[in-house]
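Chains as they are written, first to last, in my numbering: chain A, 1 to 195; chain B, 1 to 684.
One structure below.
In structure tokens, the structure reads:
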């Protein structure tokens, strides 16, 4: 038996040994790992996006801030809930951020945040935006064209980094005020029909 | 040896025990305390997996490409322990890399067979989108490709034709080397290495910020590789097979820079440049047509020096609407026998891609390239034209149609090229991609690609002197100025399977039909008076070979856990050629070279162990089936590497190459040397 064969056999044994002795096979994901699965990459992306949304809430001057909690309605509750729960700091100017599901029949109260994720049908998007238009609700979209459609803020993924646009006309109509710090970092969108 | 192995076993067992005891480290995913500015700086990992740009010239997810693609990451290069770029390609399936040693600097890299002993002429090689394909021999000169390995971001290897996107010469595959953005190489890096064959290597790089989102790096590299003793087997072999050159020492230096700028979200600019100089210290047979033995072994130090400058501007008009303009120039002087080739190239490229009616992804582009070639005539390499100018104009159009949302894609495209040698060439392709779910991807494609003749085939008479005792004889190869382009029609299919997030398989099969391949034909003989009376046996290049090649490639990667990753690649390839003209009285040699010049099987398995105390242990086992054409027996060999990172700035590594039993390797005509290389890298 030559040394190459020996080393192959050794490696086989070693591999079996490692596999057997380490039952926690890739249960946890690691950011440094080059090949992230789609699910891991997606949850990473949403973790960052939720942090963005939390920050947006902090930089908004709300019309009425007497409520104890501030509610974040989302169209992808199931997907976002576990990620949302991992975020430790959920305090928005003394109020606590809560996540709730948004369905087609949900009544959306004033003074809340609505996060419309990209996997939602166009019809549903239109329905939500119709309900929330001209009301003090911070609507946040995700993906090209959402600001033009009427979302106050829209999150975009550009060159693997998150950027955001603000529809100033919609913001004005909503009665909410966004701080200059936030606007400084945003790309400002002015829809055509209102120009 | 046995004792050594016993020790090795024991160490491995110990290592295994430690690994088993360690726990996996869970990572955190809480960004809630970060400010907006900080959040905007976070890079979102791409969905699915690695990005590939070589298939369609735009960033795509590996799993969404209808082509046999493989990505070698920066980490894989580091952990393979290779000291030269070409060696890293062995990690990928379908790639045959020749051993160094014939003409040390000259490596041959081929994809899907066609492993010509002297050239890698059917593979297109790009560095950051810049073609490094040389016009002189229509090949890539790997000796001038000693890039700084630490600055390589990834290597994309695409098997199969890429003519529709990349144009002529992307016949059997594309190797696209992508270097890191200057922003990702900030700070300093110094690495020094010493070894038994690769005697020394020194690299230095420094990256800094020039302004707001404007980054630059400068780097320099020097290396020295040793050759072989005159009496050694390898020296004898070198003589046997090349009869021209053998190497005693190979040294090189390289320096360069890269600047990246992203002013705003709309524009990115990249400028890079390099100068290099290599020298081989060797001996060669200088022809002498008058006195026996008609050739004389003389010391010879051929050099290569050159440089390039590349600029690229990308502008985004809107989401999914982007164009780029790229231009580069390069210049190279290369000693070849007793002459020097001077090649210059200017290349412009424009490409625009945008979305149309939401289901169509349109890419179109224009390109122009001019090549200048100058060489002084010598009797052994007599250019009928001393200056050659050739150019290529190209236009391409491709439509990627989403037939079923996120599931079924059809890509139709074609590239038109007009070149000096063969006139108009059209390279169409159709590809179909089906992803029923996140675990499976199926693809199939039909495409055509061409390979255009080299300057030498077009206008140089190449002669090799043979001693016949009483008189000198020469084997001469005559050019043909109306050679046609070699063509391939390729039919491919593949399946990518990702059963778990830490495990994937990639299977690809192909059937290539070749036509008009060049070979040496029309053998004639007679007395020749130039430069002195000698008997000349001459043959002329002609498009006389056709045939098929078929094969199967499998790649797999299993990240067992944080402690162990196993990668594998298996290749099975076959070629059958036939002569298109029975009247031709020579050519079996070429036919044989095509059919039996490549190993029919290749295996590569690499194990990457991450050990406690920041230790890394890597084992790489490779098998190359026999190469009948040059009596090379099968080789099974392995490399070992041990790396240690005592802190985040320092890394030590020791790598042993080709450590298999010598007895096995000696049987091959080209002996592969065992070698050891130790390296230290310091970053600051």
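For each residue, glycine too, the CB sits at the ideal point set by N, CA and C.
Quantities reported herein were computed from a predicted structural model and do not represent experimental measurements.
Checklist entry - Sorted by chain position, which residues of the same chain lie with C-beta nearer than 6 angstroms to residue 491 of chain B's C-beta, five sequence neighbours on each side aside? => result 446, 511
Checklist entry - Closer than 9 angstroms, Cβ to any Cβ of chain A: which residues of the region 316-337 of chain B, in chain order? => result 316, 318, 319, 320
Item to check | Pair within 8 angstroms by beta-carbon distance, residue 616 of chain B and residue 79 of chain B | outcome: yes
Checklist entry - In chain B, which residues lie with their C-beta within 8 angstroms of the C-beta of residue 157 of chain A? => result 44
Item to check | Distance CB(residue 610 of chain B)-CB(residue 619 of chain B) smaller than 8 angstroms | outcome: no
Item to check | Test item: CB-CB of residue 145 of chain B and residue 203 of chain B under 8 angstroms | outcome: no
Next on the checklist: Here's the rule: buried if 16 or more other CB atoms are within 10 angstroms of the residue's CB, otherwise exposed. What is residue 51 of chain A?
Outcome noted: buried
Checklist entry - Using DSSP with H/G/I as helix, E/B as strand and the rest coil, what is residue 142 of chain B? => result helix
Item to check | Simplified DSSP state of residue 629 of chain B, which is helix, strand or coil | outcome: helix
Next on the checklist: Which residues in chain E have a C-beta closer than 9 angstroms to the C-beta of residue 636 of chain B? List them in chain order.
Outcome noted: Note that chain E does not occur in the displayed structure, where the protein chains are A and B.
Next on the checklist: Considering only the alpha carbon of each residue, which of B:639, B:653, B:646, B:648 lies closest to residue 660 of chain B?
Outcome noted: B:639
Checklist entry - Around the Cβ of residue 164 of chain A, are there at least 16 other Cβ atoms within 10 angstroms (buried) or fewer (exposed)? => result buried
Item to check | 6 angstroms Cβ shell around residue 269 of chain B - same chain, five flanking residues per side excluded | outcome: 261, 313
Checklist entry - Could you give the C-beta distance for residue 379 of chain B and residue 531 of chain B, rounded to a whole number, given that I count them as a contact under 8 angstroms? => result 4 angstroms
Checklist entry - Among the residues of its own chain, which have a CB less than 6 angstroms from the CB of residue 427 of chain B, if the five just before and after it don't count? => result 163, 164, 415, 448, 449
Next on the checklist: Does chain B have any CB closer than 8 angstroms to the CB of residue 25 of chain A?
Outcome noted: With a pLDDT of only 41 at residue 25 of chain A, under 50, the local geometry of the prediction cannot be trusted, and no value is derived from it.
Checklist entry - What is the DSSP secondary structure of residue 483 of chain B, reduced to helix, strand or coil? => result coil
Next on the checklist: Between residue 70 of chain A and residue 97 of chain A, how many whole angstroms is the CB-CB distance? I'm expecting something under 8 angstroms.
Outcome noted: 6 angstroms
Checklist entry - Relative to the alpha-carbon of residue 655 of chain B, which residue among B:194, B:486, B:393 has its alpha-carbon at the smallest distance? => result B:194
Checklist entry - If you count every other CB in all the chains shown that lies within 10 Å of the CB of residue 211 of chain B, and 16 or more means buried, which is it? => result exposed
Item to check | Span separating the alpha-carbon of residue 171 of chain B from that of residue 133 of chain B | outcome: 12 angstroms
Checklist entry - So, is the C-beta of residue 150 of chain B closer than 8 angstroms to a C-beta in chain A? => result no
Checklist entry - Just checking, does the region 177-184 of chain A make contact with the region 155-162 of chain A on the three C-beta pairs under 8 angstroms criterion? => result no
Checklist entry - Is there a Cβ from chain B that is less than 8 angstroms from the Cβ of residue 100 of chain A? => result no
Next on the checklist: Let me check understanding here. Comparing Cα to Cα, which of B:354, B:291, B:556 lies closest to residue 502 of chain B?
Outcome noted: B:556
Next on the checklist: Suppose the cutoff is 6 angstroms on Cβ atoms and the five residues either side in sequence are ignored; what does the same chain contact list for residue 367 of chain B look like?
Outcome noted: 349, 394
Checklist entry - With distances taken from CA atoms, which of B:252, B:561, B:546, B:554 is nearest residue 577 of chain B? => result B:546
Checklist entry - residue 231 of chain B: buried (16+ other C-beta within 10 angstroms of its C-beta) or exposed? => result Here the model assigns residue 231 of chain B a pLDDT of 45, short of 50, so the residue's position is not dependable, and the following value carries that caveat. Answer is exposed; the Cβ neighbour count stays below 16.
Next on the checklist: So, at 7 angstroms on beta carbons, what are the nonlocal neighbours of residue 182 of chain B in its own chain, with the 5 sequence-adjacent residues on each side left out?
Outcome noted: 207, 215, 216, 217, 258, 259, 260
Next on the checklist: On the criterion of 16 or more Cβ atoms from any shown chain inside 10 Å, does residue 75 of chain B qualify as buried, or is it exposed?
Outcome noted: exposed
Next on the checklist: Quick test of the definition: if touching needs 3 or more C-beta pairs under 8 angstroms, does the region 512-522 of chain B touch the region 475-492 of chain B?
Outcome noted: yes
Checklist entry - residue 549 of chain B and residue 579 of chain B look like a contact to me (Cβ under 8 angstroms); what is the Cβ gap, rounded to whole Å? => result That belief does not hold up - the Cβ atoms of residue 549 of chain B and residue 579 of chain B are roughly 16 angstroms apart, past 8 angstroms.
Next on the checklist: Using C-beta distances below 7 angstroms, list every residue in its chain close to residue 283 of chain B, excluding the 5 sequence neighbours before and after it, in chain order.
Outcome noted: 246, 297, 298, 299, 300
Item to check | Through-space distance from residue 166 of chain A to residue 186 of chain A, alpha-carbon basis | outcome: 6 angstroms
Item to check | Pick from A:18, A:46, A:113, A:87 that is closest to residue 56 of chain A, judged by C-alpha positions | outcome: A:113
Item to check | Minimum Cβ-Cβ distance from residue 162 of chain A to chain B less than 8 angstroms | outcome: yes
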